[in-house]
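Structure, as structure tokens:
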Amino acid sequence: MKYYIIAGETSGDLHGANLINALKKEDTKAEFRIVGGNQMQIASAQQPLIHTSQMAFMGFVEVLKNLGAIAKNLKTVKQDLQQYRPDAVILIDFPGFNLKIAKFAKKQGIKVCYYISPKVWAWNQRRVYKIKKVVDHMFCILPFEVDFYKKFRMKVDYVGNPLLDAIAQYQFNPTFQKDNLLNERPIIALLPGSRQMEIERILPDMIALYYLFPAHQFVVAGAPNFDESYYRQYIQDLPIKVVFNQTYDLLNNAEAAVVTSGTATLETGILRVPQVVVYKANALSIMIARWVIKVRFISLVNLINNYLSVIELIQDDCNDYTIAKELDLLINNQEHRNSVLENYEVLSQKLGTPGASEKTAKLIVSYLAD
Numbered sequence: 020m021k022y023y024i025i026a027g028e029t030s031g032d033l034h035g036a037n038l039i040n041a042l043k044k045e046d047t048k049a050e051f052r053i054v055g056g057n058q059m060q061i062a063s064a065q066q067p068l069i070h071t072s073q074m075a076f077m078g079f080v081e082v083l084k085n086l087g088a089i090a091k092n093l094k095t096v097k098q099d100l101q102q103y104r105p106d107a108v109i110l111i112d113f114p115g116f117n118l119k120i121a122k123f124a125k126k127q128g129i130k131v132c133y134y135i136s137p138k139v140w141a142w143n144q145r146r147v148y149k150i151k152k153v154v155d156h157m158f159c160i161l162p163f164e165v166d167f168y169k170k171f172r173m174k175v176d177y178v179g180n181p182l183l184d185a186i187a188q189y190q191f192n193p194t195f196q197k198d199n200l201l202n203e204r205p206i207i208a209l210l211p212g213s214r215q216m217e218i219e220r221i222l223p224d225m226i227a228l229y230y231l232f233p234a235h236q237f238v239v240a241g242a243p244n245f246d247e248s249y250y251r252q253y254i255q256d257l258p259i260k261v262v263f264n265q266t267y268d269l270l271n272n273a274e275a276a277v278v279t280s281g282t283a284t285l286e287t288g289i290l291r292v293p294q295v296v297v298y299k300a301n302a303l304s305i306m307i308a309r310w311v312i313k314v315r316f317i318s319l320v321n322l323i324n325n326y327l328s329v330i331e332l333i334q335d336d337c338n339d340y341t342i343a344k345e346l347d348l349l350i351n352n353q354e355h356r357n358s359v360l361e362n363y364e365v366l367s368q369k370l371g372t373p374g375a376s377e378k379t380a381k382l383i384v385s386y387l388a389d
């Protein structure tokens, strides 16, 4: 079978790579065309038609600024789909782009599989009606999504969360601290996100924490689409390390973490690292988001547990003073720290066990064989 897989963000690239590896086991004659990042490139042994670094625009204002680039990417993918004629297009999250591709592929008679549902439960729920028209098979990774789609009489498959796969398969480095020339002081992990817009607004507040926690060392998890010099413009000459492709090792060695809202909050929760979730964006984007978004929380940990399990600091609340206050509680208040760890146990029970990539691959191959 010929599979055309599209992931527009770093987190989707990770899940896409694991799905490719699972598909190769299920379908020994599998061929791939990808729109994705470095990990999908390695898994498929194919150069991405478009790299994720050229696609990830976040926030209403940021998307408006980049409408030309988005339109160009859409045109490129549509033309390539017509030429390649895959048996299935597999879309990974990234709904603003991927739902347009789903509509196009459906008109071309190409089977549309959607892995990792768009967050239609958060805002504009009427998009479900569009999804029903253009998506043949939806594979959900969050437990509450199954019941949500049921309300619209849409059958979906719950496959578990692929982050459990990624973490279960990861080979942790027992000499992480030594290899990265870190000392014996406890580590506070800084995860500023993977988009430039996020990093430029949030990383300065994270760096300011250095002066408030002298007994700790700070380590930044660098995104693969940037190099160290990019982070150094914010860090300057402070003794703060930046590590790349070692986020799980960093979290595994951290006493606590400050994490930009996104997939990383769930990864941090699965690895049971007490965290403060932060987010800051263009003021207009935040204003619009607060108007249209219908969920109580922004972090996946809180959304899955359906109660405040980790603290969220958004926009004006996201500053070095308030972050430091919450971080201090996680480090020095044992009762508060234990409460967060107990919330992670609830999260673990709700997520279930690894195997999402394999389950999804089996279902895709069986659906295509029908």
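Counting in the numbering used here, the sequence shown runs from 20 upward without gaps. Heads up, the beta-carbon is just placed ideally off N, CA and C, and yes, glycines get one too.
- Secondary structure of Gln66 (DSSP, three-state): coil.
- Note on Phe191: under 16 other CB atoms within 10 angstroms of its CB, so exposed under the neighbour-count rule.
- The three-state secondary structure of Leu118, taken from DSSP, is helix.
- In the structure shown, Gln60 adopts helical secondary structure according to DSSP, grouped into three states.
- In the same chain as Met173, and ignoring 5 residues on each side of it, the C-beta atoms closer than 8 Å to its own belong to Val147, Ile150, Lys151, Met157, in chain order.
- The continuous beta strand (DSSP E) containing Phe51 extends over residues 50 to 54.
- Membership of Phe158 in the beta strand (DSSP E) is indicated by the continuous run 156 to 159.
- Judged by DSSP secondary structure, Gly241 falls within the beta strand (DSSP E) whose first and last residues are 236 to 241.
- The count of Cβ pairs closer than 8 Å, one atom from the stretch 158 to 172 and one from the stretch 89 to 98, stays below three, leaving the stretches out of contact.
- In the DSSP annotation of this structure, the continuous segment of the alpha helix (DSSP H) that includes Glu45 starts and ends at 29 to 45.
- In the three-state scheme derived from DSSP, where H, G and I count as helix and E and B as strand, Phe171 is classed as coil.
- For Thr372, no beta strand (DSSP E) segment is defined, and its DSSP state is neither H nor E.
- Nearest C-alpha to Pro233 among Gln215, Glu217, Asp46, Arg204: Arg204.
- Bounds of the alpha helix (DSSP H) holding Glu219 are 215 to 227.
- Here Lys299 carries a coil assignment [DSSP, helix/strand/coil].
- Secondary structure of Thr194 (DSSP, three-state): coil.
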